[in-house]
Amino acid sequence: MAPNPYGIASIWAQGDAVIKAVALMLLLMSIASWCVILIRAWHLWQLQKVAQASRDFWHAQSFAQGQHILASANSRSGCRANPFRYLADEGQAAFDHHSSHQDDLHGKLPLSDWLTSSLKGAIDESAEQMQKGLAILASVGSTAPFIGLFGTVWGIYHALVGIGASGQASIDKVAGPVGEALIMTAFGLAVAIPAVLAYNALSRGNTGIISKLNRFAFQLHAYFLTGAAPKSSQQSAQVRALKQGA
């Protein structure tokens, strides 16, 4: 079978350093975006599994048992960082710290304000972790079409220069080089479209997780303000007893 004189191999063989650099750049951008898509989609799936377990937290008989439920959700989903468990731990730590440091400056703050600040900080940290890699998708989605277009313009310029130098302007002499150059635009779109779609889908999924974190934080805030939160020593003993029983 004869090789296609107007295919991708022909573009690479006949292209100059600029065309090859554009093609390699688009290839690297595509690899980077697909790595981010697969990794972040897997993490989002794990977080959704963990978020379902957060509903069972409030059916526990104690705070330590609730934390054990969240820890068990980690092992079932394979999620290494559980933002719901982290939120509960930060809330408990803020409650204990405020109670035991009444003479410090933050001890003069109302417990409600101190808890709100601590829980909000934990949510912001979790949101920052969930957003990792999305900037790559946004950059690829916004720049890849223009990089491909630059390759097309450069290729058409050299094609027209070559046609003018040869003095042959028939349709078969024009269609091949110009068509090859237009493939670079198609490459740019092929790289950009998955990145844009994945960015929108992952951002929407992250927004849903953050909404659940905010709701969970509101419930924790109300729980700690009732004074029902156990002291850290009691909690640690209960956690050890649960782990030994498991």
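Converting from the sequence shown to our numbering requires adding 289 to each position, the first position being numbered 1.
Backbone N, C-alpha and C define an ideal beta-carbon position, used for all residues, glycine too.
Per-residue DSSP class, three states only, for residue i
{"i": "ASP345", "result": "helix"}
{"i": "PRO372", "result": "helix"}
{"i": "LYS421", "result": "coil"}
{"i": "ASP305", "result": "coil"}
{"i": "LEU398", "result": "coil"}
{"i": "THR515", "result": "coil"}
{"i": "GLN523", "result": "For GLN523, the pLDDT reaches just 44, beneath the cut-off of 50, and the residue's location in the model is therefore unreliable, leaving the point undetermined."}
Residue span of the alpha helix (DSSP H) that contains residue i, given as start and end
{"i": "SER351", "result": "Run containing SER351: none; DSSP gives neither H nor E here."}
CB of residue i within 8 Å of CB of residue j, strictly
{"i": "PRO483", "j": "ILE326", "result": "yes"}
{"i": "LEU336", "j": "LEU408", "result": "no"}
{"i": "SER351", "j": "LEU514", "result": "no"}
{"i": "SER437", "j": "LEU315", "result": "Here residue 437 is Gly; the residue named in the question, Ser, does not match the sequence. Yes. Within cutoff."}
{"i": "GLY444", "j": "ILE308", "result": "yes"}
{"i": "THR496", "j": "THR474", "result": "no"}
{"i": "ALA383", "j": "GLY355", "result": "no"}
{"i": "ALA427", "j": "TYR512", "result": "no"}
{"i": "ILE358", "j": "ALA349", "result": "yes"}
{"i": "SER415", "j": "LEU502", "result": "yes"}
Residue from the options whose Cα sits closest to the Cα of residue i
{"i": "GLU417", "options": "GLY380, ALA475, SER343, ARG329", "result": "ARG329"}
{"i": "ALA282", "options": "LEU426, TYR488, HIS447", "result": "Any answer about residue 282 is impossible in this case: the structure gives the chain only from 290 up to 535."}
Other residues of its chain near residue i: CB distance less than 6 Å, five sequence neighbours each side excluded
{"i": "VAL485", "result": "GLY430"}
{"i": "MET318", "result": "VAL429, ALA433, VAL480"}
{"i": "PHE476", "result": "LEU315, GLY437"}
{"i": "MET419", "result": "ASN495"}
Spatial neighbours of residue i in its chain, beta-carbon cut-off 7 Å, leaving aside the 5 residues before and after
{"i": "GLN524", "result": "Below a pLDDT of 50, predicted positions are generally treated as unreliable, and GLN524, at 45, falls in that range; the measurement from the model is reported next regardless. Contacts found: PHE352, ALA353, GLN381."}
Neighbourhood of residue i by C-beta distance below 8 Å, restricted to the same chain and skipping five residues each side
{"i": "THR405", "result": "HIS510"}
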